[in-house]
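In the working numbering, the protein residues as written are 1 to 377.
Structure, rendered in structure tokens:
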């Protein structure tokens with residue numbers, strides 16, 4: 001079987017999760033898979049600057065991050081930024097590709113796209129290249145005529161690429177790659193108390209400080225609630241919630257997790273999910289058919305994700321944390337609204353197919369089998 005090289009970057013957990021999901025699927029088919037974190041493999045300075053800078057911006061200066069995201073979406077400015085990044089990483093990335101000599105290259109993060117573009121423009125690479133768009137509106141960084149195929153969450157994302165000049169024939173709305181366990185129904189388990197409305201409260205892999213504010217309102221809701229809180233890798237948030245909220249309200253059941261691999265089971269058990277609209281999390285929620293409430297987000301790509309979800313009738317956007325209880329009360333008292341959201345989710349989830357992504361990858365590998373993949377300088 002062939003060799004597949006998957007590029008990702010640790011700006012949030014979604015890119016890495018999508019890369020891991022694809023890697024597992026191709027490995028099970030017999031392919032040799034290598035996953036590369038662009039920042040970790042190229043420049044320690046860039047890794048610290050971008051990864052730590054990203055965390056600081058989204059947690060402490062989200063409005064500035066949102067403005068930077070929008071500014072960098074402009075073609076001229078984006079061209080300048082990507083040129084700088086390419087200059088810093090080009091040599092190392094070329095050597096990685098040359099050394100591994102893959103039959104297929106896949107990217108779950110747009111940082112690599114301009115580098116591959118340059119290598120191909122210089123006539124040094126013929127390997128087919130697939131880009132996975134992990135948000136619902138495509139940023140300018142994704143755009144390159146050297147990408148052989150784009151995988152998008154849905155037709156809405158596909159259209160956003162086409163509007164930016166991508167050839168329609170290159171765009172495949174097969175869904176963001178998620179773990180197969182989200183597509184399977186788990187066995188019935190654990191919680192026996194069906195009298196409580198169950199809420200899954202999340203904030204992404206890093207957790208979100210605004211979760212605490214939302215929980216402070218939820219815990220005072222007049223209905224008996226069961227609230228499952230997932231803090232991700234934010235241990236400070238987890239300890240704070242355990243200290244300040246557990247065992248203080250007799251009509252509420254509160255369960256707190258840090259980082260967990262059981263999100264698929266928790267989604268199955270809950271009536272709604274309250275979360276920020278990261279591309280991977282909302283894709284998982286859609287296939288799990290759990291209605292979404294969005295009280296916080298990272299300005300930029302998640303703002304665009306939220307707009308799509310609300311327009312599609314699968315999510316409710318909450319502008320202020322204090323409004324969360326009126327939304328919960330409305331859904332409890334009007335279960336038909338939840339059912340309508342679930343129906344809309346089913347319409348979206350029918351587009352998801354990890355099998356089609358694998359088939360597309362295999363098609364490109366076979367088509368390119370007789371070509372020399374990497375040319376020596």
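No residue lacks a Cβ here, since even glycine has one placed at the ideal position from N, Cα and C.
- request: Count the other CB atoms, across all protein chains shown, that sit within 10 Å of the CB of residue 144; report buried if there are 16 or more and exposed otherwise.
  value: Buried, by the Cβ-count rule.
Nearest residue (CA-CA) to residue 30, options 47, 16, 4: Of the candidates 47, 16, 4, the one whose C-alpha sits nearest the C-alpha of residue 30 is 4.
- request: Quick one: residues in its chain with C-beta nearer than 6 Å to the C-beta of residue 14, no 5 flanking neighbours on either side, listed in chain order?
  value: Around residue 14: 134, 278, 279, 280.
query: Around the C-beta of residue 89, are 16 or more other C-beta atoms found within 10 angstroms, so that it is buried, or is it exposed?
result: Answer is buried; the Cβ neighbour count reaches 16.
- prompt: Count the other CB atoms within 10 Å of the CB of residue 27; is the residue buried (16 or more) or exposed (fewer)?
  reply: So residue 27 counts as exposed.
query: Taking buried to mean at least 16 other C-beta atoms within 10 Å of its own C-beta, is residue 91 buried or exposed?
result: Residue 91 counts as exposed, since fewer than 16 other C-beta atoms from the protein chains shown sit within 10 angstroms of its C-beta.
query: Looking at C-beta atoms only, is the number of pairs between the region 148-155 and the region 59-76 that lie closer than 8 Å three or more?
result: As far as the Cβ criterion goes, the region 148-155 does not touch the region 59-76, which means the pair count is below three.
task: Note the first and the last residue of the continuous beta strand (DSSP E) segment covering residue 293.
output: Start and end: 292-294.
field: Contacting residues, own chain, Cβ-Cβ under 6 Å from residue 257 (five flanking each side not counted)
entry: Excluding positions up to five away in sequence, the list reads 230.
task: Scan the region 91-169 and note each continuous beta strand (DSSP E) run of 3 residues or more that stays entirely inside, going in chain order.
output: DSSP runs (the beta strand (DSSP E)) wholly in the region 91-169: 104-107, 129-132, 149-151.
query: Alpha carbon to alpha carbon, how far is residue 180 from residue 271?
result: If you take the alpha carbons of residue 180 and residue 271, they lie about 21 Å apart.
- request: Tell me whether the beta-carbon of residue 260 lies closer than 9 Å to the beta-carbon of residue 203.
  value: Result no, Cβ atoms of residue 260 and residue 203 do not sit closer than 9 Å.
query: DSSP state of residue 178, grouped into three classes?
result: Correct three-state label for residue 178: coil.
query: Would residue 298 pass as a contact of residue 309 if the rule is Cβ separation under 9 Å?
result: Not a contact, by the Cβ cut-off of 9 Å.
query: How many whole angstroms separate the CB atoms of residue 228 and residue 200, which I take to be in contact at a CB cut-off of 8 Å?
result: That belief holds up - the Cβ atoms of residue 228 and residue 200 are roughly 5 Å apart, short of 8 Å.
query: Within this structure, are the beta carbons of residue 178 and residue 10 separated by less than 9 Å?
result: The answer is no: Cβ separation not under 9 Å.
message: Pop quiz: residue 139 and residue 8 are said to be a contact at Cβ under 8 Å. What is the actual Cβ separation, rounded to whole angstroms?
response: Not a contact, Cβ separation roughly 16 Å.
message: So, with DSSP's three-state summary, where would you put residue 29?
response: Correct three-state label for residue 29: coil.
- prompt: Cβ atoms of residue 173 and residue 307: under 9 Å apart, would you say?
  reply: With respect to the 9 Å criterion, residue 307 and residue 173 are not classified as neighbours on the basis of their beta carbons.
field: CB-CB length for residue 132 against residue 107, believed under 8 Å
entry: Taking a contact as a CB-CB distance under 8 Å, the pair residue 132 and residue 107 counts as one, their CB atoms being some 7 Å apart.
query: Starting from residue 49 and walking both ways along the alpha helix (DSSP H), at which residues does that stretch end?
result: Premise fails: residue 49 is in no alpha helix (DSSP H) and is neither H nor E.
query: So, do the region 113-132 and the region 47-62 have three or more beta carbon pairs nearer to each other than 8 Å?
result: In short, these stretches do not touch, since the Cβ pair count stays below three.
- prompt: Sorry if obvious, but does the Cβ on residue 313 come closer than 8 Å to a heavy atom of the ligand HEM?
  reply: The ligand HEM is not among the ligands present in this structure, which contains no ligands whatsoever.
- prompt: Mind checking residue 464: buried by the 16 CB within 10 Å criterion, or exposed?
  reply: Outside the displayed range of the chain (1 to 377) lies residue 464, so it cannot be described from this structure.
field: Secondary structure of residue 199, DSSP reduced to three states
entry: Strand at residue 199.
message: Taking DSSP's pairing of strands, which residues face residue 257 in a bridge?
response: According to DSSP, which records beta bridges pairwise, residue 257 is partnered with 230.
- prompt: Mapping DSSP to helix, strand and coil, what is residue 236?
  reply: Helix, per DSSP.
query: Going by DSSP, what residues sit across from residue 88 in a beta bridge?
result: According to DSSP, residue 88 bridges with nothing at all.
query: Under the DSSP definition of a beta bridge, which residues are partnered with residue 8?
result: Its beta-bridge partners are 37.
Where residue 123 falls, given that 16 or more other Cβ within 10 Å makes a residue buried: When all chains shown are included, residue 123 counts as exposed.
task: For the beta strand (DSSP E) containing residue 315, list its first residue and its last residue.
output: Following the DSSP letters along the chain, one finds residue 315 inside the beta strand (DSSP E) bounded by residues 315-317.
query: To which residues of the same chain is residue 235 closer than 7 Å at the C-beta, ignoring the five residues directly before and after it?
result: Excluding the 5 residues flanking it on each side, residue 235 has same chain C-beta neighbours closer than 7 Å at 258, in chain order.
- prompt: Hey, would you say residue 301 sits closer than 9 Å to residue 136, going by beta carbons?
  reply: With contacts defined as CB atoms closer than 9 Å, residue 301 and residue 136 qualify as a contacting pair.
field: residue 225, DSSP secondary structure in three states
entry: Under the three-state reduction of DSSP output, residue 225 falls in the strand class.
- prompt: Is residue 172 helix, strand or coil when you go by DSSP?
  reply: Strand.
field: Buried or exposed (CB count within 10 angstroms, at least 16 for buried), residue 226
entry: Residue 226 should be labelled buried.
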